[in-house]
Every structure is written in structure tokens, then in C-alpha cells.
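Participant: To start, I am sharing the structure in question, which I have written as C-alpha cells.
Numbering (my numbering), first residue to last: 138 to 238.
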């Protein structure tokens, strides 16, 4: 009986432990490198668009959900963390607002 139990526990550990480690603890960043981003280039691109520029940035929390902490910080465990889902609004004077969700 002890031998069967040991084999069963080893299989259980292998079937559930390996995917847990691979997917939640050791999900590396890969080979992606950051692309250079210059605020001056972004401002010149924004100025080249016709029409009024947005006058501000507004946001609203539209939903929330809880996700396992390991999806945010490796090693933090399965304790669930509350995450907000937000919608962003850019009001444009004399025009329709731009919505980002």
C-alpha cells in the first residue's frame, strides 16, 4: 500500500506541480527588448493630427475582479488580489470625446 501511495503522490506532484511552476512561477520575459520611445517624437506626431487636442484625461472603474497573486508577482501565492478594470476618456473641446477601454 505504501508503494502505491508513494507512486500516486509522485504522479500528483508531477501532474500539478510542473505546470504550476512553469506557468505561474517561472514565466520569463523571453527575448523581447524594449523599443526606444522619445516623448518629443510622440508630441510631434500628436501635433501633426488635424483638429483640437484632448483637454484632459479622465478615468472610471467599470468593473473589478480577483486574480491569483502569482499572475502579478512570482512567488506571492494563490491568494487572490483585487484588480480594477478601467475605462479612460479624453475630452476634446468642440468635439466628441475619445474613449479608451
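Backbone N, C-alpha and C fix where the C-beta goes; we use that ideal spot for every residue, glycine too.
Remember, it's a predicted structure, so these values are computed and weren't measured experimentally.
Using the C-alpha atoms, what's the distance from residue 193 back to residue 228?
Facilitator: As a position in the chain shown, residue 228 is number 91, starting the count at 1. As a position in the chain shown, residue 193 is number 56, starting the count at 1. Distance between the alpha carbons of residue 228 and residue 193 is about 6 angstroms.
Participant: Going by beta carbon distance, what residues of the same chain come within less than 6 angstroms of residue 80, once the five residues before and after it are set aside?
Facilitator: Since the displayed the chain opens at 138 and closes at 238, residue 80 lies outside it and no answer follows.
Participant: By Cβ distance, which residues of its chain are closer than 7 angstroms to residue 189, with the 5 residues on each side in sequence left out?
Facilitator: The residue labelled residue 189 in the question sits at position 52 within the chain shown. The residues are 229, 230, 231 and 232.
Participant: Using a Cβ-Cβ cutoff of less than 7 angstroms, which residues in the same chain neighbour residue 191 once the five nearest sequence positions on both sides are dropped?
Facilitator: Start at 1 with the first residue of the chain shown, and residue 191 comes out as number 54. Taken in chain order, the residues that qualify are 227, 228, 229 and 235.
Participant: How long is the line joining the alpha carbons of residue 151 and residue 143, rounded to whole angstroms?
Facilitator: Counting from 1 along the chain shown, the entry for residue 151 is found at position 14. Counting from 1 along the chain shown, the entry for residue 143 is found at position 6. Counting only the Cα atoms, residue 143 lies some 12 angstroms from residue 151.
Participant: Can you check which of these residues, 213, 184 and 169, is closest to residue 176 by C-alpha distance?
Facilitator: Translated into the one-based positions of the chain shown, residue 176 becomes position 39. Ranking 213, 184 and 169 by Cα distance to residue 176 puts 184 first.
Participant: Looking at the secondary structure, which residues open and close the alpha helix (DSSP H) in which residue 169 lies?
Facilitator: Residue numbering aside, residue 169 sits at position 32 when the chain shown is read from its first letter. Element bounds for residue 169: n/a, residue is neither H nor E.
Participant: Cutting at 7 angstroms between CB atoms, please list the residues of its own chain near residue 139, excluding the five before and the five after it.
Facilitator: Sequence index remark: in the chain shown, residue 139 carries index 2 (1-based). Excluding residues within five positions, none has a Cβ falling inside 7 angstroms.
Participant: Measuring straight from C-alpha to C-alpha, what distance separates residue 157 and residue 149?
Facilitator: Reading the chain shown from its first residue, position 20 is the one you call residue 157. Reading the chain shown from its first residue, position 12 is the one you call residue 149. Cα to Cα, residue 157 sits roughly 12 angstroms from residue 149.
Participant: Only counting the same chain, and skipping five residues up and downstream in sequence, which positions put a Cβ closer than 7 angstroms to that of residue 209?
Facilitator: Here residue 209 corresponds to residue number 72 of the chain shown, with the count starting at 1. Non-local C-beta neighbours of residue 209 in its own chain, meaning closer than 7 angstroms and more than five positions away in sequence, comprise 218, ordered along the chain.
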